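Beneath this line is the structure, given in structure tokens, with notes to follow.
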Amino acid sequence: MNWRPSGSDRDSAQFLRLNEKVQRWVYRKGWTALNDVQEQAIPLVLGGTDDLIVSAATASGKTEAAFLPICSAMLDEPAGGGIRALYVSPLKALINDQFRRLDELCEDLGLPVHRWHGDVPGSAKSKVLKEPDGTLLITPESLEAMFVLRGPEIGRLLRGLRWVVIDEMHSFVGTERGAQLQSLLHRVELATRKRVPRIGLSATLPASGEGMAAARDYLRPGGGDDVHVLTSQAQGAEIKVQLRGYLDAAPALGEGRAASEHPAEEDADVNAGTGIALVSEHVFRTLRGGNNLVFFDSRSEVESYADRLRRRSEQLAVPNEFFPHHGNLAKDVREHVEDLLKSNRPVTVLCTSTLEMGIDIGAIASVAQIGAPPSVAGLRQRIGRAGRRGEPTVLRLYVTAPEITEKSAPQDELRVELFQAVAMMDLLAERWYEPPDTSALHLSTLVQQIMSVIAQHQGVSPVDLFGALCATGPFPHVDKGTFVALLRDLGAAGIVQQEPDGLLLLGPVGERVVNHFSFYAVFADSSDYRVVHGARPLGLMQLTSPTPIGSLVIFAGRRWKIVSVDNRAKLIEVEPSRGGRPPTFLGGGAEIHDEVRRRMRVWYESDVVPGYLDATAQRLLDEGRAAYRRFDLARTSTLVSGADTLVFPWRGDRVLGTIAAWLTTAGLRLLRDGVAFTVLDHSPARLREVVQELLLLEGPTAEDIAAAQPDTVVEKHDVHLGEPLRARAYAAGRLDLDGARATLVDLVDRLPECEEDPISGLVPDAVPAREVELPAPLSQGGVSVAGGHPVTYAVVDLETTGFSARGRDRIVEVAVVRVAADGGVLGEWSSLVNPQRRVAATGVHGITDGEVADAPTFADLAPVLADHLRGAVLVAHNASFDVSFLKAEFERAGHPYPSSGTLCTMRLDAHVAGRGRRKLQDCLTAVSAGSANGTAHRALADARAATALLRHYLATAPREVRKLVGG
655 MNWRPSGSDR
665 DSAQFLRLNE
675 KVQRWVYRKG
685 WTALNDVQEQ
695 AIPLVLGGTD
705 DLIVSAATAS
715 GKTEAAFLPI
725 CSAMLDEPAG
735 GGIRALYVSP
745 LKALINDQFR
755 RLDELCEDLG
765 LPVHRWHGDV
775 PGSAKSKVLK
785 EPDGTLLITP
795 ESLEAMFVLR
805 GPEIGRLLRG
815 LRWVVIDEMH
825 SFVGTERGAQ
835 LQSLLHRVEL
845 ATRKRVPRIG
855 LSATLPASGE
865 GMAAARDYLR
875 PGGGDDVHVL
885 TSQAQGAEIK
895 VQLRGYLDAA
905 PALGEGRAAS
915 EHPAEEDADV
925 NAGTGIALVS
935 EHVFRTLRGG
945 NNLVFFDSRS
955 EVESYADRLR
965 RRSEQLAVPN
975 EFFPHHGNLA
985 KDVREHVEDL
995 LKSNRPVTVL
1005 CTSTLEMGID
1015 IGAIASVAQI
1025 GAPPSVAGLR
1035 QRIGRAGRRG
1045 EPTVLRLYVT
1055 APEITEKSAP
1065 QDELRVELFQ
1075 AVAMMDLLAE
1085 RWYEPPDTSA
1095 LHLSTLVQQI
1105 MSVIAQHQGV
1115 SPVDLFGALC
1125 ATGPFPHVDK
1135 GTFVALLRDL
1145 GAAGIVQQEP
1155 DGLLLLGPVG
1165 ERVVNHFSFY
1175 AVFADSSDYR
1185 VVHGARPLGL
1195 MQLTSPTPIG
1205 SLVIFAGRRW
1215 KIVSVDNRAK
1225 LIEVEPSRGG
1235 RPPTFLGGGA
1245 EIHDEVRRRM
1255 RVWYESDVVP
1265 GYLDATAQRL
1275 LDEGRAAYRR
1285 FDLARTSTLV
1295 SGADTLVFPW
1305 RGDRVLGTIA
1315 AWLTTAGLRL
1325 LRDGVAFTVL
1335 DHSPARLREV
1345 VQELLLLEGP
1355 TAEDIAAAQP
1365 DTVVEKHDVH
1375 LGEPLRARAY
1385 AAGRLDLDGA
1395 RATLVDLVDR
1405 LPECEEDPIS
1415 GLVPDAVPAR
1425 EVELPAPLSQ
1435 GGVSVAGGHP
1445 VTYAVVDLET
1455 TGFSARGRDR
1465 IVEVAVVRVA
1475 ADGGVLGEWS
1485 SLVNPQRRVA
1495 ATGVHGITDG
1505 EVADAPTFAD
1515 LAPVLADHLR
1525 GAVLVAHNAS
1535 FDVSFLKAEF
1545 ERAGHPYPSS
1555 GTLCTMRLDA
1565 HVAGRGRRKL
1575 QDCLTAVSAG
1585 SANGTAHRAL
1595 ADARAATALL
1605 RHYLATAPRE
1615 VRKLVGG
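So for the sequence shown, this note's numbering puts the first residue at 655; every next one is plus one.
This is the structure:
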């Protein structure tokens, strides 16, 4: 065959640099040219010193771009003993697939290829240990196990290592597993005493910008600027898209109850007008007879659709072609489905992300996505599974929307899911993908790596451990102080212990953790129950509540009755049944990125209709745009619903979650619902006041907000961290305080300063802040109420364990200064309070656990404090914070909240003097009313300072004081 190289003469010469045996292999494959990234990779890989990323579409030859020159170099140089190329993959199935591909290449070349993961026979591993050479394909978990179990042998096994290849690199960047792999590769270089070039392969890394910069920094921490990026100019296969919309009709009266009471009698035609039934029927009619993948973002939905489609096949007496595939199914069940795809028979697999990555599953005719995709990058991966034989890729998107009734929520009327799907298709066309999230501290993974290094070396000094993992390793963001705090936490948890000579060893708990087979993975081991039918394992199922014998479930695409539950062995036995419902599978979906929500808004405000929408989808698009205009969401961000306010920030899930956590710590009650959140019992004007006060404060920090959350144990080893480090890790990985603050600043500008008529169609029921009409002031600026009785003020300050009034935080100190209408101080009172939990915020106020141990509880103090507050206007700096805590504590104590009026000195100062001053000290200094002397952040000292500010304004601006007293 004549060889036709691609590109210019210079590029053509690169092919000739390959070993002749490799060239002949290419000839035999029938290739007429190497593609652009394969050509560009040859000199960089043969050079043996450069790191590079190969970014190209799925099935575009990325593996060959790396291994054609790697194999060529292996042939040109004598084996030096040890593995020469290390290929790391996120999936065992992908390793098996790539092993077949590389074995075909390397068998002709006489180069060994080995696999190493949990399913590889011991005999094959023994061969690697005895004669290490060639290429080793491995998962991060198996590499971790090699370090722990064969630590002294690592140097010998890998002494000839020349290249590391990371496949599906996008799946590692920014994840705990990715941090583990970074650490393992750094430890490989420490063990081999040399820098080993790295090659990253991916189909969905951003083409440029921060996303690609993050990927380069991931591949070579601290040296990302020197990483070469090879991006294929090929656009990939043509994509034919159709987005089909379906209206989910409201059930007829009694229909839902009948279905619930008789699950065993449910047939394919029951609820025929519902979205799932209509989508199922179209999938059945359209996809039968071909090989297809149908993606879902819920394992329960996979099971539900698989059951419905199987029953539809039985009803029509035709062979079933629809099979489920997800991570909770047993390995044998999944592999059986994968084998069916590779066979000649028509098969459609209903799956989650388990089939997203590049496992060879044969020729796929089309890909379908039920519901809006989870991410643009995920959609790109899924589309790449089809169109692999030169044919256009066929993508079918299915979106259901509820029928609009008088009880429909605004989100339903906006047809949010349709607009999310359209926005993602728009971004996909621009080749935009979500950038990797590199904000996490990965302290949980650092804990695992500390245990692993100690196990590898059977003890290590703290200095060497810090140097290997942090100072020059993959955790450079962890400074010495944090590392010392981490070791102390691990010592307290029994994970590590220190010998008199300073050597760190595994503690009793650490020994148990490392010796368990689940240690090698950074994700938590499953506590699911195994599901079996006779001797056949079906998979794993979560039991979220007691499950009675006789319960009916849908699992592995079939209906079963639970016949026994062994809680000790965590085993569920089932037998075939006529009825059932999918089980509940734990685990959340992917975070929606800011850019997706921003692009959704662009589509709401556009008049363009995408050509790939069917008639129903176009109707849903029109309805969503009409609702957007009717709600005036181009101008405002809020809607009124009774006493509540619905807020549309058009930001991603990370920012929305941070706002919800922040406002909750300030005492507000919120409900999250997709693109929006609802603030309960707050009108837009009242919400504006609260948010404005929050923004004027110095704080809280992201760690303060994190500490107030009910559960900060997110990653596997977070449980071993003390509360401060756990809060730091949670804040870094889960919160975006800068984004939340910017969003709230924008929200304040859009919220009304006074009550407005609500949007048509929503019910008004909001009460504005009460303006108290008081008679003319008395001498020295005092005010009086009807009847001539003078107003008394109770200036309050609290010290607390945190910011979550309605959560787990409590008051630890309270002070009250009673002030007369003319500004005269009537008396002072203060007390420590036993919060009946750890104080936690000692660094803020200086109060320790020991100081409050013998103090009265709030319930003990409630009657006394109520007497000090009764009949007075409560005054505080950032009053919403103090009031939220007082109301919560009085409620817990079963005592009525005594105050009927509130005045915020921070708001008062901003109202009179203009915005910009937040701290009490700054306000006092500005008005020359003294300073907040005394012990910093103690209740009585701060109450006295707030009193000085109040007295200043009683004397200089009594009318403004009257205006701002609210109920």
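All C-beta atoms, glycine included, are put in the ideal place defined by N, C-alpha and C.
Only a predicted model underlies this, so the values are computations on that prediction, with no experimental measurement involved.
### Task
Taking all protein chains shown into account, decide if Tyr681 is buried (16 or more other Cβ within 10 angstroms of its Cβ) or exposed.
Position 27 of the sequence shown, counted from the start, is the residue given in the question as residue 681. With fewer than 16 Cβ atoms within 10 Å of its Cβ, Tyr681 is classed as exposed.
### Query
Which residue or residues does DSSP assign as beta-bridge partners of Ile707?
Locating residue 707 in the sequence shown gives position 53, counting from the first residue. Note: Ile707 sits in a beta bridge opposite Gly854 and Val883.
#### Entry: Three CB pairs or more closer than 8 Å across the segment 1360 to 1374 and the segment 1385 to 1395
yes
### Query
Starting from Thr614 and walking both ways along the beta strand (DSSP E), at which residues does that stretch end?
Because the chain is modelled from 655 through 1621, residue 614 falls outside the range shown and cannot be assessed.
### Cut-off 7 Å between Cβ atoms - residues of its own chain near Thr858, not counting five sequence neighbours on either side
Residue 858 sits at position 204 when you count from the first residue of the sequence shown. Counting only Cβ-Cβ distances below 7 Å, and skipping sequence neighbours, we find His824, Ala1031, Arg1034, Gln1035 and Tyr1087.
### Rounded straight-line distance, which links the Cα of His771 to that of Thr793
If you number the sequence shown from 1, residue 793 lands on position 139. If you number the sequence shown from 1, residue 771 lands on position 117. Approximately 7 Å, taken between the alpha carbons.
#### Entry: Close-in-space but distant-in-sequence residues of the same chain around Leu1310 (CB under 7 Å, 5 per side omitted)
Counting from one through the sequence shown, the residue named residue 1310 turns up at place 656. For Leu1310, where only same-chain residues beyond five positions count, the Cβ hits under 7 Å are Pro1303, Arg1326 and Phe1331.
### Query
If we count the other Cβ atoms within 10 Å of its Cβ and call it buried at 16 or more, is Leu1604 buried or exposed?
Along the sequence shown, one-based indexing puts residue 1604 at 950. Leu1604 should be labelled buried.
### Query
Ordered along the chain, which non-local residues of its own chain (more than five positions away) have a Cβ less than 6 Å from that of Leu932?
Within the sequence shown, numbered from 1, the residue matching residue 932 stands at position 278. For Leu932, where only same-chain residues beyond five positions count, the Cβ hits under 6 Å are Tyr900.
### Task
Kindly indicate which residue of Glu1482, Val1450, His1499 and Val1581 has the alpha-carbon position closest to the one of Gly1555.
Sequence index remark: in the sequence shown, residue 1555 carries index 901 (1-based). The option with the nearest alpha carbon to Gly1555 is Val1450.
### Message
Classify Asp773: buried if its beta carbon has 16 or more other beta carbons within 10 angstroms, exposed otherwise.
### Response
Working through the sequence shown from its first residue, we reach residue 773 at position 119. Result: exposed.
### Task
Put His1606 into one of helix, strand or coil per three-state DSSP.
Start at 1 with the first residue of the sequence shown, and residue 1606 comes out as number 952. Three-state result, His1606: helix.
### Query
What distance in whole Å lies between the Cβ atoms of Val850 and Trp817, which are believed to be in contact at a cut-off of 8 Å?
In the sequence shown, counting from the first residue as 1, residue 817 sits at position 163. In the sequence shown, counting from the first residue as 1, residue 850 sits at position 196. Right, the Cβ-Cβ distance comes to about 7 Å (below 8 Å), so this counts as a contact.
#### Entry: Host alpha helix (DSSP H) of Pro1064 (start-end)
Working through the sequence shown from its first residue, we reach residue 1064 at position 410. Per DSSP, Pro1064 belongs to the alpha helix (DSSP H) from Pro1064 to Glu1067.
### Task
Pick helix, strand or coil for Val1076, following the three-state DSSP scheme.
Counting from one through the sequence shown, the residue named residue 1076 turns up at place 422. Three-state DSSP puts Val1076 in a helix.
### Query
Expressed to the nearest angstrom, what Euclidean distance is found between the alpha-carbon atoms of Ala1602 and Ala1139?
Within the sequence shown, residue 1602 is the residue found at index 948, counting from 1. Within the sequence shown, residue 1139 is the residue found at index 485, counting from 1. Distance between the alpha carbons of Ala1602 and Ala1139 is about 41 Å.
### Message
For a quick check, are the C-beta atoms of His1187 and Val1219 less than 9 Å apart?
### Response
If you number the sequence shown from 1, residue 1187 lands on position 533. If you number the sequence shown from 1, residue 1219 lands on position 565. No; because the gap between Cβ atoms is not below 9 Å, this pair is not in contact.
### Message
Quick check on the DSSP output: the alpha helix (DSSP H) that includes Met1105 runs from which residue to which?
### Response
Translated into the one-based positions of the sequence shown, residue 1105 becomes position 451. Its alpha helix (DSSP H) spans residues Leu1097 to His1111.
### Task
Pull up the DSSP beta-bridge partners for Met1195, would you.
Residue numbering aside, residue 1195 sits at position 541 when the sequence shown is read from its first letter. Bridge partners of Met1195: Tyr1183.
### Message
For the beta strand (DSSP E) containing Lys894, name the first residue and the last one.
### Response
The count along the sequence shown starts at 1 and reaches residue 894 at position 240. Ile893 to Asp902 is the span of the beta strand (DSSP E), which, as asked, contains Lys894.
### Task
State whether the segment 994 to 1014 contacts the segment 945 to 962, with contact taken as three or more CB pairs (one from each stretch) at a distance under 8 Å.
yes
### Task
May I have the straight-line CA-CA distance separating Gly1278 from Leu1068, to the nearest angstrom?
Within the sequence shown, numbered from 1, the residue matching residue 1278 stands at position 624. Within the sequence shown, numbered from 1, the residue matching residue 1068 stands at position 414. Roughly 4 Å separates the two Cα atoms.
### Query
Just the Cα atoms here: how many angstroms apart are Ala1599 and Val1529?
As a first step, residue 1599 must be located in the sequence shown, where it is residue number 945. As a first step, residue 1529 must be located in the sequence shown, where it is residue number 875. Cα to Cα, the separation comes out at about 12 Å.
### Query
When DSSP builds the beta bridges, which residues end up paired with Gly1620?
The residue labelled residue 1620 in the question sits at position 966 within the sequence shown. DSSP, once it has assigned bridges, lists Thr1556 as partnering Gly1620.
### Asp1365, buried or exposed, once every other Cβ within 10 Å from all chains shown has been counted against 16
Within the sequence shown, numbered from 1, the residue matching residue 1365 stands at position 711. By the neighbour-count rule (16 or more Cβ atoms within 10 Å), Asp1365 is not buried but exposed.
### Query
Taking the C-alpha atoms as reference points, what is the distance between Val1533 and Gly1113?
The residue you call residue 1533 lines up with position 879 of the sequence shown. The residue you call residue 1113 lines up with position 459 of the sequence shown. The question names Val, yet the displayed sequence has Ala at residue 1533. For Ala1533 and Gly1113, the distance between alpha carbons rounds to 54 Å.
### Task
Could you spell out the range, first to last residue, of the alpha helix (DSSP H) harbouring Thr1002?
Taking the sequence shown and counting its residues from 1, the one referred to as residue 1002 is at position 348. Note, Thr1002: premise wrong, no alpha helix (DSSP H); beta strand (DSSP E) at Thr1002 to Cys1005.
### Task
Could you check which residue in Thr1455, Pro1489, Arg1524 and Val1498 has the C-alpha nearest to that of Arg1472?
Position 818 of the sequence shown holds residue 1472. Measuring from the Cα of Arg1472, the nearest candidate turns out to be Arg1524.
### Task
Take Asp1091 and list the residues in its own chain whose beta-carbon comes closer than 7 Å to its own, dropping the five residues that flank it on each side.
Position 437 of the sequence shown, counted from the start, is the residue given in the question as residue 1091. Closer than 7 Å at Cβ, skipping near neighbours: Gly828.
#### Entry: Cβ shell of Leu1341 (< 7 Å), same chain only, five flanking positions each side left out
The residue given as residue 1341 occupies position 687 in the sequence shown. The answer, listed in chain order, is Thr1299, Val1333 and Leu1405.
### Query
Near Gly832, what residues of its chain come up, given a Cβ to Cβ distance below 7 Å and the 5 sequence neighbours on each side ignored?
As a first step, residue 832 is located in the sequence shown; it is residue number 178 there, counting from the start. Only Phe826 and Tyr872 meet the Cβ criterion.
### Query
Applying the criterion that 16 or more other CB atoms from any shown protein chain within 10 Å of the CB defines a buried residue, is Thr1319 buried or exposed?
Residue numbering aside, residue 1319 sits at position 665 when the sequence shown is read from its first letter. Label assigned to Thr1319: buried.
### Task
Return the chain-ordered ranges of every alpha helix (DSSP H) run that is complete within the segment 924 to 999 and spans a minimum of 4 residues.
929 to 941, 953 to 969 and 985 to 996
### Phe1331 in three-state terms, based on DSSP
The residue labelled residue 1331 in the question sits at position 677 within the sequence shown. In the structure shown, Phe1331 sits in a strand (DSSP, three-state: E or B).
### Task
Provide the residue(s) that pair with Trp685 in DSSP beta bridges, ordered along the chain.
Translated into the one-based positions of the sequence shown, residue 685 becomes position 31. Beta-bridge pairing links Trp685 to no other residue.
### Enclosing beta strand (DSSP E) for Phe1214 [first to last residue]
Counting from 1 along the sequence shown, the entry for residue 1214 is found at position 560. First, the residue type needs correcting, since residue 1214 is Trp and not Phe in the sequence shown. Residues Arg1212 to Asp1220.
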